[in-house]
Amino acid sequence: MSTTTLAAPRKETARFPPGPPPNLLRSLFGALQQNPLDYFTEIFHKYGDVVGMRIGNFRTFVIYHPNDIEEMLVNKARMYHKGRILQANKFLFGEGLLTSEGDFWLRQRRLSQPAFHRDRVASYATVMGEYTGQMLSGWHAGDERDLHQEMMNLALRIVGKTLFDSDVTSDAREVGETLDILLKIAANFGRTVLIPLWVPTPRNLRAKAGVRRLDRIIYRIIAQRRASGNDTGDLLSTLLQVRDTDGSRMSDKQLRDESITLFLAGHETTASTLSWTFWLLAQNPAVEKRFHEELHGVLGGRTPTMDDLPKLPYLGHILTESLRLYPPAWGIARLAEEEHEIAGYSVFPSYGMATAQWVVHRDPRWFDAPLEFRPERWERGLAKQLPRFAYFPFGGGPRQCIGNTFALMEASVVLATIGQKFRFQLAPGQKVEPFASITMRPKSGIRVRLEGL
Ligand code: HEM
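1368 is the number that this note's numbering gives to position 192 of the sequence shown; each next residue is one higher, with no gaps.
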């Protein structure tokens, strides 16, 4: 008895940061749900660097200052688990790298790491270039296409081939459609957290059917690889061979969880980066011109390799700037497991902690003219002058994106390969706007007309 009465009053009297008035219904059906990007921007402008949100029984801090973000992601990382939304999406990701915790996560991370080493990623560049070339062989000047759909198909094929040595061309459509359904479901933050998956709502039934469709594809790939027994040096080979201390191998379920995580984490994000980048280029002819000139001067029509990338600094700045303005991972959330302090406030177990790259990357304290697309801003060492967490498209600390080098390599190779052959004219009259679910992508695609170079 005495221990609970000692702990409880401290919690009750602890200062909670100012924030929007608690209102469960408004949170579930209002601005937080309809347009989270605007909502997180508004509460930052209204309440500042630390905002306290109460939704029903849930209390969450939203932090926007780079130093506090560093506390959450690096210095106090072990005091947190992944946030409620990712946890609620375990029905999809299972216990893969993105969602698992503790020693289990650490082991899986160590096992997967070799597939993402620099040298290995450099070897994937060939596949990335080849697959882009194959896509381009079906493209003709004057064609009208949905750029985002094209980038999604391409990125899915690249992840399938490089990490699983599997050609998923025939599955690309089904995976794309299923992912579309699942991400829309996941975007419904309130319902995802409050209505458990076992409740047979139409939404939950659709989610389960979607997962079954993806599972069929993934289990088929695993079975094919187990049967062939080939070690092709890709990630799936490594995971298939690895043995635990007791000699046991990874179960099909664990292989499925890791594979689905990498398929989803690894293709949607990179595809969105490419779509946003081409969209930004199409609206900024001066940047686009310099981009084409650099490609022409350095590559002269060749497909780039990893060694070419340092010779394409402007391409690098374009990507950096695109990831600043349109970070596909637009926010990061955690759930406190231990009592501690952040920004002078007490944080208790079960408090949520969240930040939004979407807002921090557009903060005028760190970036001049923050809403403008200016790759040049990165030319004179801006990255070194910024606080560490003023720019963090790949997160940071122990849970930093494992695929960051892979993603930058892929985005660079695809940009440079397409950028030597085509430019895009945006179809008139369309409204291109971001849709924020777990990731952020163009809501209704990007319609373009191809122009040959
Ligand atoms: C532009 C592309 C990408 C962006 C912006 C991005 C962003 C991120 C971010 C912000 C996190 C940290 C999430 C958190 O702290 O809660 C993350 C984690 C992760 N990403 Fe990426 N990612 C990208 C591409 C990729 C690719 C290509 C792969 C794999 C092929 C990948 C696999 C993962 C995995 C497995 C994790 C979980 C790592 C862990 O917790 O150990 N990502 N990503």
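Ideal Cβ placement from N, Cα and C applies to all residues, glycine included. Computed from a prediction, not measured in an experiment: that's the story for all the values here.
Take residue i as the anchor and find which of the options has the nearest alpha-carbon.
i: F1340; options: P1503, W1554 and R1402; result: R1402
i: R1382; options: D1347, K1487, L1355 and E1552; result: L1355
i: T1345; options: L1358, L1359 and I1393; result: I1393
i: H1241; options: Q1400, H1221 and Y1395; result: H1221
i: K1429; options: K1258, K1266, A1207 and V1335; result: K1266
i: L1501; options: E1555, M1616 and T1481; result: M1616
i: M1585; options: H1468, V1335, I1361 and E1555; result: V1335
i: M1248; options: I1594, F1611, A1592 and G1571; result: G1571
i: W1281; options: G1314, H1257, D1319 and G1595; result: H1257
i: S1613; options: A1566, K1360 and Y1395; result: K1360
i: A1592; options: R1191, P1604 and L1629; result: L1629
i: W1374; options: A1264, P1546 and F1439; result: A1264
i: R1432; options: P1212, V1535 and R1388; result: R1388
Beta carbon of residue i: closer than 6 Å to some heavy atom of the ligand HEM?
i: I1334; result: no
i: T1446; result: yes
i: A1505; result: yes
i: T1581; result: no
i: F1570; result: yes
i: T1345; result: no
i: L1438; result: yes
i: T1236; result: no
i: R1575; result: yes
i: I1394; result: no
i: G1442; result: yes
i: R1285; result: yes
i: I1508; result: yes
i: I1578; result: yes
i: T1449; result: yes
i: L1274; result: yes
What do you reckon, are the CB atoms on residue i and residue j nearer than 7 Å?
i: V1250; j: G1573; result: yes
i: V1238; j: A1530; result: yes
i: P1551; j: H1472; result: no
i: T1449; j: P1504; result: yes
i: G1272; j: E1434; result: yes
i: E1625; j: E1320; result: For the record, residue 1625 in the displayed sequence is Arg; it is not Glu. Contact flag set, yes.
i: W1542; j: A1566; result: yes
i: L1330; j: M1311; result: yes
i: S1342; j: I1398; result: no
With residue i as the anchor, note down where its alpha helix (DSSP H) starts and where it stops.
i: M1304; result: R1294 to S1313
i: F1467; result: P1461 to L1475
i: R1286; result: G1278 to S1288
i: M1229; result: M1229 -> not in any alpha helix (DSSP H); beta strand (DSSP E) instead, spanning V1226 to I1231.
Does any CB atom of chain B fall closer than 7 Å to the CB of residue i?
i: A1592; result: The chain inventory of the structure shown lacks chain B, comprising one protein chain alone.
Starting from residue i and walking both ways along the beta strand (DSSP E), at which residues does that stretch end?
i: K1258; result: Y1256 to K1258
i: T1236; result: F1234 to I1239
i: P1489; result: Run containing P1489: none in the beta strand (DSSP E); it sits in the alpha helix (DSSP H), P1489 to L1501.
i: H1537; result: From DSSP, H1537 is part of no beta strand (DSSP E); its letter is neither H nor E.
i: R1617; result: M1616 to P1618
i: D1319; result: That residue, D1319, is in no beta strand (DSSP E); it is neither H nor E in DSSP.
- Message: I want to know whether the segment 1487–1502 touches the segment 1510–1517 - three or more CB-CB distances under 8 Å.
- Response: no
- Message: Does the contact criterion of 3 or more C-beta pairs under 8 Å hold for the segment 1577–1587 versus the segment 1429–1449?
- Response: Yes, the segment 1577–1587 touches the segment 1429–1449.
- Is the segment 1517–1524 touching the segment 1259–1275 in the sense that three or more CB pairs, one from each, lie closer than 8 Å? No, they do not touch.
- Task: Inspect the CB distances between the segment 1405–1415 and the segment 1283–1293 and report whether three or more fall short of 8 Å.
- Result: yes
- Inter-stretch contact at 8 Å, needing at least 3 Cβ pairs: the segment 1450–1470 / the segment 1617–1628: yes
- Message: I want to know whether the segment 1294–1310 touches the segment 1477–1484 - three or more CB-CB distances under 8 Å.
- Response: yes
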